[in-house]
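Note sheet for the following structure.
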Amino acid sequence: MSKKEGPGPHQKPTADSQTSENKPQTSETNDPSEPLRPQTGRPGSPVPSQVSMKSDWSKLSPPNFSGDAPDSDQNPQTGRPESPVPSQVSMKSDWSKLSPPNFSGDAPDSDQKRTRKRSRRVTEQLLDEHPLNKRTRANDDEVLRRVMENHKARLKRRFENISEGIIKSGAEILLNKIYTELYITEGESEGVNMEHEVWQVESASRSQTTDDVPINCNDVFKPLPGQKKEHIKTVMTKGVAGIGKTVSVQKFILDWTDGVVKQDIDFIFLLAFRELNLVRGDQYSLHTLLLDYYPELKELNEGEEYKDCLVVFILDGLDESRLSMDFQQKGQLSDVKHTSSVDVLMSSLIQGSLLPSALIWITSRPAAASQIPAQYINQVTEIRGFNDPQKEEYFRKKISDESQAKRVISHIKASRSLHIMCHIPVFCWIAATVLQQMLEQDNTQAIPTTLTEMFIHFLAIQSTRRDQKYPSRSTRETQNPLQSQKEVITKLSELAFTHLDRGNFMFSEKEVREFGLDTTDAVVYSGLCTEVLKGESIVFGKVYTFVHMTIQEFLAALYVFVSYLNKKEEVLKCFLKEKSSISPQDVSLDELLKGAVNRALESRTGHLDLFVRFLHGISLESNQQLLRGLLPPTKSNPESTEKVILNLKELKRPNISPDRWINQLHCLVEMHDTSVHEDVQAFLKTSKEAGADQMLKLAHCSALAKILLMADEPLDELDLLKYNMSDEGRRRLLPAVRWSRKALLAGCKLKEKCCEVVASALESPQSLLTVLDLSDNDLQKSEERLCRGLQSQHCKLESLSLAGCKLTAASYNTLAAVLQAAHSPLTVLDLSRNLLEDSGVEHLSSGLRSPNCRLQTLRLVACGITRKGCDLLACALSGNPASTLRELDLSENNLGEPDVKLLLEIKEDTKLALTILKYS
C-alpha cells in the first residue's frame, strides 16, 4: 500500500493531515533500566489527553508492549519526554477483542500494519478537527492535571515531616533535615530467616565490610549491578523492625513530590497492611479503596485513568498483614471498577491481573516475606540500617552541638552492644535521646554501656517529658518521674508481656483498654506507646504499637521482675517446668532466670531472646537502683547474682540451634560479666594455632564463635577438629561458618539444627564459603535442608565433600541439578563411601552431560558401582564434548579392566584430559 494512502471513506483529507504524513517519524526505545510506561499511542504533550475513540480501526492488530522500535512502515508508539504531567490518551475501542497483546516485540504482519497506519491517520484527523473532542480532551486534561497536582501536594504535606516515635505537637522535624541514607543491598530471594531480628542486625553489622553494592532507595526499580537490563515491576524490600523500611518509603515519596527523581511517575499510592487489616471483610473496587485514603481522586472517572498512567503502589508492612491472599485462585480481578474483598484486590494487584502496568514496592520483615510467591517478585533488596559512617552522620544531624555529637559517637563506639544496636535507626534515636540529655544536664551518673541501662534511662526521660506537659499533684510532690508514673508504666508493662508471650506486636484500641489504659493517655505517653495511624485513617479505626519491638521486650521483662518481687504466681509459673516441685511463691531469682532462658531457647523465632537479656540486666542491683520508684524495696544478694552468672556459663540443653547459645553471652554482658570474652581472647593470644591443651568450656565455645563472627576479616579456615573441646562445644562454634572461606566439619556429629546453620550460610548473598567438608556426618535427616542451600543462586561452593554421609537418592537428584545450574561454580565433588550404586550414577549422569557442568574432580570411591554404572558414566562423558572433568576416582568399586575399557576409549576419542582413572 502506498504511503500516500488517503483517509477513511467518510473523512476529507486536510492540509494538516497530509503534511503530518510526510513528517519524518521517530521512535523512542524504552530504557530497560526505567519502568515501562503504558503505551498511549500519541506524541508527548505537556497536557494529558483523555479522548476516547470508540472505533473499529485497530481490531486486527495487537499493541506492542515490548518497547522495541516499531517497523519503519508503522507510526511508532511514541514515548514522551519526562514531564510533570503525563500522557493520558485512552483509546476505548473494540480492537483488542480478536487477538491478545503482543509482548514479544515482533512486528505484526503487513496487513495489520497497513490497517493500523490507515486507521491512525483517521484518529489524528478526528483529534485535530472534531470540536467536541477538542473540548472533551481539554476538560479531561484539566481535571487530571488538577487531581495530580492535588495528590502530589497532599503527599508532600503528609511526608515532609518525621516524628521519630514522638507524635506530640511540635515534635516533628523535616525529614530532609534528619534523613540519613540507609545501607540497602541485594537481599536473599529464597528461604525464610527465622532468627530473632537482633541476630540479623548483628550479622549485618559484620557483613557490611564485604563487597556488597549499596542501593539508593530511589533506585529500587532499577536492575542491580551485573543484572540483565530488564523491566522491574515488583520489588520486595526486607528488613528487621525499626531498620528504616517505612522511612525509606517516605523519602522516596518526598523526593518524587519535590521533583528530585522519577518524574515519569504519575501517581504514588501508599497502602499500609496494618490499615488494610481493618477493612479486609469489606467490598471495594480498586478506585473506591483508594478514595478512602486519597479523597482528591474523587474527580476521576471510576479509576479508568489509571490504565494510561504510570502508577506506583507501595504496600508497606507485609509482616503486619492479616489478609488471606490466595495467589492460586482463579477469581482474580482484572477490572479497576469491579468490586471484591481487599484480600482479592491485593493479590490481584501483586499477581498482575489487576492494573498490570503498575509498579509495586512491598516492604516486609524477613520472616514474612515468603507470603508472596517468588514468581511475582522481580527483585529483592535488603535494608541493613546504618553502616558505621552513616551512624556518625545521623548523630551529627540529630545533635546540633558538635562537641556533644562527638562525645556521643565516641561513647557508642566504645560499647560493642550499643554500637551493633545502632545499626537500627530507631535505636540511634533512643541512644541520641538518652545520651544528649545526660550530657546537657552534666549528669554525674555513669553513662549507660548496656542495653538495659539505656532503656531504663529512656523510660525515665519519657516519664519526665510527660510530667512536664501534664503535671500532676504527685509529680509536684516527688522528684522521681518513674514513681509518679508507676501506675501507667505497670499497665503498659503488663500489656507488653501479655502480648509478647502471644507473639503479638500490635494491639487494637480494645486490647489497650483491657489493661486499664486510657487510649488518650497512651497517646500522650507517646515515647513508649505510639498511635500508629496518627489520625490518617480514622474511618478504619486505630491500632497501637510500641515504637520498636525492643521497647516491648524491655517493658515485658520489667513486668516479670516486678511480678517476681511481688510473688505474682500466674506470671512466675510461666517459667517453671510443669512438673516442677518449686512453688511460684518460693522460686529464687536464679531459678526464675534459668527457667526464662530455657523458655527462650525453646522459641524457634527467638522472640524472647531480648526479653531474657533485659530480665538479666534488671536483676542487677545497680539497675534496680535506677528503677527505684517502680520496684518495691529489695535486699542485695551477691550470692544469687553469682549463681545466675554460673548458670549462664554452664547451661546445657539437647538439640538447640548453635546460634541460640550466643544469647547467653549477651545476658552475661548485661550483668557486667565479661570474663568469658576475656578468657577466649587470652586463649587466642596464647595459642595462634588454636591447638592448646586447654579444654574450652561450652560458654567459651559460643564466645569464640561470636568473636570470629564479629571479626573485621573473615576466617580463612574453620577446622572444628583442631580445637580442644567436646562434640557439643564444636557444634556451638559452628555459627562461625558464616564468616569463613573454608569449613572443615568432618566427623563432628552434626545434628539437624547444625545443618540448618550451614544451609543458611550457603544461601546468604554475603556467603564467602567456597570449600565445605561434611564428611562422616550422618546427614539423612538434614539432606533436604542442605540440598536447598546447595541449589541457592548465592551458593559459592567450589569444593564439596559428602563422603560417608549416608546420602539417599534425593540428594543425587539435587546434586545433578546443581551441576546443571549455570550459576554453580562447583569443580570438586566427593561422594565416596555412600551407597550410590548404579541408580545414583544415573542421576548424576544427567548433570555430567550438561554443558554448564564445571566439575573437574569426581570421587566415587566405594560407592557400589558396577559395569552398568560405568557405562552410564561413559555415555555422559561422550555426550558432553565440553566436559572439564580431569580426575575420576572409581577405587573400591565392583569393576575390572574390561568394565572401564569404554571409559578409556571415550577419553581417547574426546581428548578428555583425565589424568587419573582408578578402579579395582
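Quick note on my numbering: the sequence shown kicks off at 3 and runs consecutively. Idealized CB from N, CA, C, for every residue including glycine.
Contacting residues, own chain, Cβ-Cβ under 8 Å from Ala462 (five flanking each side not counted): Here residue 462 corresponds to residue number 460 of the sequence shown, with the count starting at 1. Within the same chain, Ala462 has close Cβ partners Pro483, Leu484, Leu628.
Inspect the beta-carbon positions of Leu788 and Leu799 and report whether they are closer than 8 Å. The residue you call residue 788 lines up with position 786 of the sequence shown. The residue you call residue 799 lines up with position 797 of the sequence shown. Taking 8 Å as the Cβ cut-off, Leu788 and Leu799 do not qualify as a contacting pair.
The beta strand (DSSP E) that contains Val237, what's its start and end? Against the sequence shown, residue 237 aligns to sequence position 235. Element bounds for Val237: 236 to 240.
Are there 16 or more other CB atoms within 10 angstroms of the CB of Gly261, so buried, or fewer, so exposed? Along the sequence shown, read from residue 1 onward, the residue named residue 261 stands at position 259. Gly261 should be labelled exposed.
For Glu572, decide whether its Cβ has a neighbour in chain C, counting only Cβ atoms nearer than 8 Å. Here chain C cannot be found, since the structure has a single protein chain.
As assigned by DSSP and simplified to three states, the class of Tyr296: Here residue 296 is taken as the residue at index 294 of the sequence shown, counted from 1. Coil, per DSSP.
Do the stretch 548 to 558 and the stretch 421 to 434 meet, that is, are 3 or more Cβ pairs less than 8 Å apart? yes
With DSSP run on the structure shown, which of helix, strand or coil describes Thr868? Translated into the one-based positions of the sequence shown, residue 868 becomes position 866. Of the three classes helix, strand and coil, the one that applies to Thr868 here is coil, per DSSP.
Apply the 10 Å Cβ neighbour rule to Arg159 and answer buried if 16 or more other Cβ atoms are within range, or exposed otherwise. Position 157 of the sequence shown, counting from 1, holds the residue named residue 159. The residue is exposed, with fewer than 16 neighbouring Cβ atoms inside 10 Å.
Which residues share a DSSP beta bridge with Ile270? Taking the first residue of the sequence shown as position 1, residue 270 is located at position 268. According to DSSP, which records beta bridges pairwise, Ile270 is partnered with Val314.
Can the beta-carbon of Asp891 be found closer than 8 Å to that of Thr868? Counting from one through the sequence shown, the residue named residue 891 turns up at place 889. Counting from one through the sequence shown, the residue named residue 868 turns up at place 866. No, the Cβ-Cβ distance between Asp891 and Thr868 is not below 8 Å.
Three-state secondary structure (DSSP) of Leu302: Within the sequence shown, residue 302 is the residue found at index 300, counting from 1. In the structure shown, Leu302 sits in coil (DSSP, three-state: anything other than H, G, I, E or B).
Answer with buried or exposed for Pro427, where buried requires no fewer than 16 other C-beta atoms within 10 angstroms of its C-beta. Here residue 427 refers to the residue found at position 425 when the sequence shown is read from its first residue. Pro427 comes out buried.
How is Lys309 classed by DSSP in three states: helix, strand or coil? The sequence position of residue 309 within the sequence shown is 307, counting from 1. Helix.
Of the listed residues Val344, Leu357, Leu603, Lys339, nearest to Val313 (C-alpha basis): Reading the sequence shown from its first residue, position 311 is the one you call residue 313. Nearest option by C-alpha distance: Leu357.
Helix, strand or coil for Asp873 per DSSP? Indexing the sequence shown from 1 puts residue 873 at position 871. Three-state result, Asp873: helix.
The beta strand (DSSP E) enclosing Asp775, as first and last residue numbers: Numbered from 1 along the sequence shown, position 773 holds the residue referred to as residue 775. Note, Asp775: beta strand (DSSP E), 773 to 775.
I need the boundaries of the alpha helix (DSSP H) containing Tyr561, first residue and last residue. The residue given as residue 561 occupies position 559 in the sequence shown. Looking at the DSSP string, the run of the alpha helix (DSSP H) that includes Tyr561 is 551 to 567.
Thr676 to Asn152, Cα distance in whole Å? As a working mapping, residue 676 is identified with position 674 in the sequence shown. As a working mapping, residue 152 is identified with position 150 in the sequence shown. Computed Cα separation, rounded: 59 Å.
Mind checking Gln381: buried by the 16 CB within 10 Å criterion, or exposed? Mapped onto the sequence shown, residue 381 falls at position 379. Gln381 comes out buried.
Once the 5 residues before and after Asp729 are set aside, which same chain residues still bring their CB inside 8 Å of it? Within the sequence shown, the letter at position 727 stands for residue 729. Cβ within range, chain order: Cys750, Lys751.
Within the chosen definition, does the stretch 285 to 298 reach the stretch 340 to 347 through at least 3 CB pairs nearer than 8 Å? yes
Mind the definition here: the stretch 647 to 664 touches the stretch 556 to 576 only if three or more C-beta pairs lie below 8 Å; say whether that holds. no
Ser605 - DSSP class collapsed to helix/strand/coil: Here residue 605 is taken as the residue at index 603 of the sequence shown, counted from 1. Residue state, collapsed to three classes: coil.
C-beta atoms of Glu894 and Val863 nearer than 8 Å: Numbered from its first residue, the sequence shown carries residue 894 at position 892. Numbered from its first residue, the sequence shown carries residue 863 at position 861. Against a cut-off of 8 Å, the Cβ pair of Val863 and Glu894 comes out as a contact.
Do the stretch 873 to 888 and the stretch 844 to 860 meet, that is, are 3 or more Cβ pairs less than 8 Å apart? yes
For my contact list, Asn625 and Glu455 are in at a C-beta cut-off of 8 Å; report their separation, rounded to the angstrom. Position 623 of the sequence shown, counted from the start, is the residue given in the question as residue 625. Position 453 of the sequence shown, counted from the start, is the residue given in the question as residue 455. Right, the Cβ-Cβ distance comes to about 6 Å (below 8 Å), so this counts as a contact.
Are Leu720 and Ala738 close, meaning C-beta to C-beta below 8 Å? Counting from 1 along the sequence shown, the entry for residue 720 is found at position 718. Counting from 1 along the sequence shown, the entry for residue 738 is found at position 736. In this structure, Ala738 lies closer than 8 Å to Leu720 by Cβ.
Give the straight-line distance between the Cα atoms of Thr810 and Ser803, rounded to the nearest whole angstrom. The residue labelled residue 810 in the question sits at position 808 within the sequence shown. The residue labelled residue 803 in the question sits at position 801 within the sequence shown. Each residue's Cα considered, the two are about 15 Å apart.
With a 10 Å radius around its C-beta and 16 neighbouring C-beta atoms as the bar for buried, classify Asn279 as buried or exposed. One-based indexing of the sequence shown puts residue 279 at position 277. Counting Cβ neighbours within 10 Å, Asn279 comes out buried, since at least 16 surround it.
Tell me, please, which residues DSSP counts as bridged to Thr859. Counting from one through the sequence shown, the residue named residue 859 turns up at place 857. Bridge partners of Thr859: Val830, Glu889.
Counting pairs of beta carbons, one from the stretch 297 to 311 and one from the stretch 252 to 259, are three or more of them closer than 8 Å? no
Who are Val545's beta bridge partners in DSSP? On the sequence shown, position 543 is the one that residue 545 refers to. The partner list for Val545 (beta bridge, DSSP) reads Ser510.
What's the C-alpha gap between Leu717 and Ala761? Counted from its first residue, the sequence shown places residue 717 at position 715. Counted from its first residue, the sequence shown places residue 761 at position 759. Near 18 Å, if we compare the C-alpha coordinates of Ala761 and Leu717.
Among Ile385, Leu441, Glu384, whose alpha-carbon lies nearest the alpha-carbon of Ser412? Here residue 412 corresponds to residue number 410 of the sequence shown, with the count starting at 1. For the residues Ile385, Leu441, Glu384, the minimum Cα distance to Ser412 belongs to Leu441.
6 Å CB neighbourhood of Ser777 in its chain, flanking five on each side removed: On the sequence shown, position 775 is the one that residue 777 refers to. Cβ within range, chain order: Ala748, Ser803, Ala805, Gly806.
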